[in-house]
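Novice:
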Amino acid sequence: MLPLADYLQIVIGIMTIFSPFAAIPIFVSLTSNTTAIQKNETAKTAAIAACIAGLVSVWIGQYVLQFFGISISSFKIAGGILLLLMSINMLNAKTPNAKNTKEELEEAQEKSINISEIAVVPLAIPLIAGPGSISTIIIFTQQANTLLHLLMMSAIIVSISVYIFLMLKMSTIISNKLGVTGINIISRVMGLILASISIEFIISGLLIVFPILSAKGF
Amino acid sequence: MLELEDYVKIFFGVFAIMGPFSAMPIFVNLTAGKSKIEKNQLAKNASIAGLMVALCSVWLGTYILGFFNIGIPAFRVAGGILLLTLAINMINAKIPGAKQTPEELAEAKVSNRDLAIIPLAIPLIMGPGAISTVIVFSNNAQGVGHLGMMSLIVAVLILNIYIFLRAAAYLSEKLGLIGINVISRIMGLILASISIEFMASGLIKLFPGWGV
């Protein structure tokens, strides 16, 4: 278990990438012709699916890495590089391709006639819980190796998922109030935080892989 | 020869780059309009050709590098950089240019020649990323036993690709574009980490001071 201040940092870190803001514009456009009940239903399913993906990353992530023979330091560097690339996209107010491509959006639009089909894929995965979120969650989970830490991480994931559900539920209001510019500003600020987190990941990985980098007087 | 546990790791490491999911959509696209028998024939020939390339990489890779006077550490760094760019493409759900460019796809669609070897076997099943991964892992230990195990690993993986290509039309309809892209993104994440391991182990050999 880490000090409480560290968990605050983890919450903010995860919220920048495991966030509803990339999903809101797409959620609004895909659900434009549906009733409020259907929207609620879709938001609930998406939030639950994202929550499950997050919990799986917390509890099974490290075993998957072991399975592929990947050390956590290499994963930190690789995840950091990936997050840096995504955050640059966010700073430019573009939806990162790692979250959604144009062709995928078209396929989702075709499917959205039956609204329940888009809740899990693409809304929950990969728009909310994509490779960036998964790697961030796995890296933060690796910071301590106690049951209590895993439980804290799970609590964080569940509460962020509740927040995601509320944001998706109110997405029509939010996107009307904020407009494209408002949402883009949020995404730019999040991108800046994410870029800094990605550098922290890369550096902490590099220090383990190349111990000389931390030597004094170097 | 390494421990059994190491071979399990190698198996899944190679699987991340030699998985069936990148070749499948392109196979479906290229063989659209062909009969079932023709498709099966293509899948079989492509897999056999892919297996030949993989076995050559296992047994001859080191000698080819030796011929060009390339050290294994340098090849690890280069292969790592290549894999990292491939992985970033996979994370962005793009077909890496190292596997196939749009021009190549257009050419393959109009030509009447057999598609089994080029582009299906090379570079879709065994592209530069897969070849360098196989060569790097084949150099993890010396001896015929290790190379035999590596041959077994690539043979099983190619068999896996063959089975998936046989079922390609059905599976790609079931998974949809998004489903296949989600798998390719996760595989990209794993591959990116493997690429860092390659680069790090190469760099430590090249600059021994870094590891102290």
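For the protein sequence lines, the chains are A and B, in the order given. Numbering (the numbering used here) for the first sequence: 195 to 412. Numbering (the numbering used here) for the second sequence: 1261 to 1472. For every residue, glycine included, the Cβ atom is placed at its ideal position computed from N, Cα and C. Owing to the predicted nature of the structure, the values given are computational and were not obtained by experimental measurement.
1) What number of angstroms, rounded off, separates the C-alpha of B/Leu-1466 from the C-alpha of B/Ile-1423?
2) Measure the CB-CB distance between A/Leu-317 and A/Ala-240 and report whether it falls below 7 Å.
3) Measure the beta-carbon distance from B/Val-1274 to B/Thr-1393 and round it to whole angstroms, keeping in mind my assumption that it falls under 8 Å.
4) What are the residues of the segment 1303 to 1322 of chain B that lie near chain A, defined by any Cβ-Cβ distance shorter than 7 Å?
5) For the alpha helix (DSSP H) that B/Glu-1263 lies in, which residues bound it at each end?
6) Under DSSP, the alpha helix (DSSP H) around A/Glu-311 begins and ends at which residues?
7) Under 8 Å, CB to CB, which of the residues in the segment 1375 to 1390 of chain B have a partner in chain A?
8) Measure the C-alpha to C-alpha separation of A/Glu-394 and A/Gly-274 and round it to an integer number of angstroms.
9) On the CB-based measure, 16 or more other CB atoms within 10 Å of its CB, does A/Gln-260 come out buried or exposed?
10) Would you list, in chain order, the members of the segment 268 to 302 of chain A that have their beta-carbon closer than 8 Å to a beta-carbon of chain B?
11) For B/Ile-1277, name the three-state secondary structure that DSSP assigns.
12) Tell me the DSSP secondary structure of A/Val-252 in three-state form.
13) Here's a check: name, in chain order, each residue in its chain whose Cβ is nearer than 6 Å to the Cβ of A/His-343, leaving out the five neighbours to either side.
14) So, with DSSP's three-state summary, where would you put B/Phe-1458?
15) Tell whether a beta-carbon distance below 7 Å holds between B/Ile-1396 and A/Pro-320.
16) Could you spell out where the alpha helix (DSSP H) holding A/Thr-229 opens and where it closes?
17) Determine contact between the segment 1407 to 1414 of chain B and the segment 263 to 270 of chain A, defined as no fewer than three beta-carbon pairs at a distance below 8 Å.
18) Here's the rule: buried if 16 or more other CB atoms are within 10 angstroms of the residue's CB, otherwise exposed. What is B/Phe-1327?
19) For the putative contact between A/Ala-244 and A/Ile-322, defined by C-beta atoms under 8 Å, what is the C-beta separation to the nearest angstrom?
Specialist: On the basis of the supplied data:
1) 41 Å
2) yes
3) 6 Å
4) none
5) No alpha helix (DSSP H) contains B/Glu-1263, which DSSP labels as neither H nor E.
6) Neither: A/Glu-311 is in no alpha helix (DSSP H) and is coded neither H nor E.
7) none
8) 8 Å
9) exposed
10) Ser-268, Phe-269, Ile-271, Ala-272, Gly-273, Ile-275, Leu-276, Leu-279, Pro-290, Asn-291, Ala-292, Thr-295, Glu-297, Glu-298, Glu-301, Ala-302
11) helix
12) helix
13) Met-195
14) helix
15) A small correction: the amino acid at residue 1396 of chain B is Val; Ile does not occupy that position in the sequence shown. For B/Val-1396 and A/Pro-320, no; Cβs fall outside 7 Å.
16) No alpha helix (DSSP H) contains A/Thr-229, which DSSP labels as neither H nor E.
17) no
18) exposed
19) 4 Å
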